[in-house]
Amino acid sequence: MLPAARKRQIVELVSERGGCSVDELAADLDCSKATIRRDLNDLADKQLIERSHGGAVPATTVGQEQTYGQKEVQNLEAKMAIAERAVEEIHENQVVFFDSGSTTMQVAKKAPKDGSFLAVTNSPLLGVELGKEDAEVKLTGGSLRRPTRALVGPSAERFMERTTFDLLFLGTNAIDPEQGLMTPNEDEARLKELMIQKAQRVVLLADVSKLDEQSFLRFADFEDVDAFVTDGTLSADARESFEAADVNLVEGVAE
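All residue numbers for the sequence shown refer to numbering that gives the first Met the number 0, where the first residue is 0 and numbers rise by one.
Rendered as C-alpha cells:
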C-alpha cells in the first residue's frame, strides 16, 4: 500500500472509531508499529489527527469544525460514489453552482469540462478543478475562510444577490431530523441560505456520517431540498423528515 493511501485509511479509521491504538492500526493495515507511529506523527503535524498515549484520536470533537484537509480524506470512496450519481443532474447550457466542500470537489472532478455548462462556486479549489480544459467558471469573490477554503462575506453575498442558478450542489456539516441542515459557521450559513434562494433545483450531497448529527447553526429546512444523494441507508427519523418534505431520495449509491 502506498504511504498516501495508508495515511488516508488511518485518518478514516481514527475518525470512524473515535480513536485507535498503534497496535490496532498496525494489525488492520498489515504494517509495522514503527511505520504507524511515523504516519501518526506526520498526520498530527498536518492537524489531521491528534496523538494520544499509544495511538491517536480525531483532531476535532463534537461541535468543532473540521478543516478541508480533514474532510478530504474521510469517506473518500463514498464521496466518489455520490459524485458519480450527482453528475447525472448536470445538463447542457445550465448554470450550476458548486458549494465548497470535499464531496462537491468529487463532483467537480467528474463533471464535464467541455464548456457545455457554466460552473459557479465559492471555492477556489473547486474553481481550479472545474476550470480545466474548456470549462467556463465564475467565482463568487469574497474573503477566504482558511479552515474550509470557502469564500464568504459581503462581497460573496453581493455576488449571490445578483445571480440565479439552474442547479445547486449543496453540502452540509450535519443533518438533524428535527432542525434540518446545519453548519458551524455563521458566514457560511448565510451564503448557503443565498445559494438555496437563488437555485431552481437544490441537490443535497452528503455521506451517511452527516446523518442524525447536529452543528451550531441551521441554514435550511428539508423543504428547501429537491433531491438528496447519499451513499448508505437513512435512519427512520431522517427518512421521515425528508419524505415529509417530498424530497427525492437517492440512497445506497456506494453499495
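Note that beta-carbon positions come from the ideal geometry of N, C-alpha and C, so glycine has one too.
Taking residue 219 as the centre and dropping the five residues before and after it, the same chain places the C-beta of 179, 180, 195 closer than 6 angstroms to its C-beta, in chain order. If you look at residue 54, you'll find it in the beta strand (DSSP E) that goes 54-57.
Under the three-pair Cβ rule at 8 angstroms, the region 74-92 does not count as touching the region 132-148. Counting C-beta atoms within 10 angstroms of its own C-beta, residue 210 has 16 or more neighbours from the protein chains shown and is therefore classed as buried. Take residue 102, set aside five residues on each side of it, and the residues of its chain with a beta-carbon closer than 8 angstroms to its own are 78, 81, 82, 170, 204, 205, 206, in chain order. For residue 126, the enclosing alpha helix (DSSP H) begins and ends at 123-129. A residue is called buried once 16 or more other Cβ atoms fall within 10 Å of its Cβ, and residue 15, having fewer, is exposed.
The beta carbon of residue 113 is closer than 6 angstroms to those of 133 in its chain, skipping five residues each way along the sequence.
Here residue 2 is exposed. Its C-beta has fewer than 16 other C-beta atoms within 10 Å. Ranked by Cα distance from residue 183, the first of 217, 229, 175 is 217. Pairing residue 242 with residue 97, the inter-Cα distance amounts to about 25 angstroms.
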